[in-house]
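For our numbering, count along the sequence shown from 1 and bump the result up by 1468. For each residue, glycine too, the CB sits at the ideal point set by N, CA and C. If you're wondering where the values come from, they're calculated on a predicted model, not measured in any experiment. First up is the structure itself, then whatever we jot down about it.
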Amino acid sequence: MSRADKLCAERGVRFTPLRRQVLALIWENHEAVKAYDLLELLKPFDPSAKPATVYRALDFLMEQGFIHRVESLNAFIGCSDVGRQHELLLLICDRCHTVEERAASSVMAAVAAEIVSAGFQVRYKALEIHGLCTSCASRQGPAGASGSEGS
Ligand SMILES: [Zn+2]
Ligand SMILES: [Zn+2]
């Protein structure tokens, strides 16, 4: 959090109490958090919080690179490497919804080269991989081994 304070001061942007609170709530969670859930979590701190308030705070935090949007979950995670410009490779556990952020610079460099050769103009780039995290995978055993799941 002090890292975020310092960066905001350096950049001359306003880190309001509400923005701080939203960031703290996202960082506390190891899972990706949805905007709607954030609104609920925010209520005890600010009963007047509205969806628009939360979205504005989220936009700000994304612009500053403190959080990332997980498009395929429509949710948000705290950045594990704040302050460094980086590409995103996200490993998303479908069981516990933990999202691990990897730098994977060689992978992303290869993706970037492919995009350049296609002459494509990139607006936003993130790779989201779905599956099971190590702890969920070890609890379940080999993926697809059982056909009786969920019955
Ligand atoms: Zn990050
Ligand atoms: Zn998991």
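- By the neighbour-count criterion, in which 16 or more other beta carbons inside 10 Å mark a residue as buried, H1536 falls on the buried side.
- Taking 4 residues as the minimum length, the alpha helix (DSSP H) runs contained wholly in the region 1487 to 1514 are 1503 to 1510, in order along the chain.
- The Cβ atoms of V1567 and L1558 lie closer than 8 angstroms to each other.
- The alpha-carbon separation between D1473 and E1496 amounts to approximately 17 angstroms.
- DSSP places L1558 within a strand segment (E or B) once states are collapsed to three.
- Membership of L1526 in any beta strand (DSSP E) is not indicated; the residue belongs instead to the alpha helix (DSSP H) covering 1519 to 1531.
- Bridge partners of L1475 according to DSSP: none are assigned.
- Taking all protein chains in view, the Cβ of C1561 is crowded by 16 or more other Cβ atoms within 10 Å, so the residue is classified as buried.
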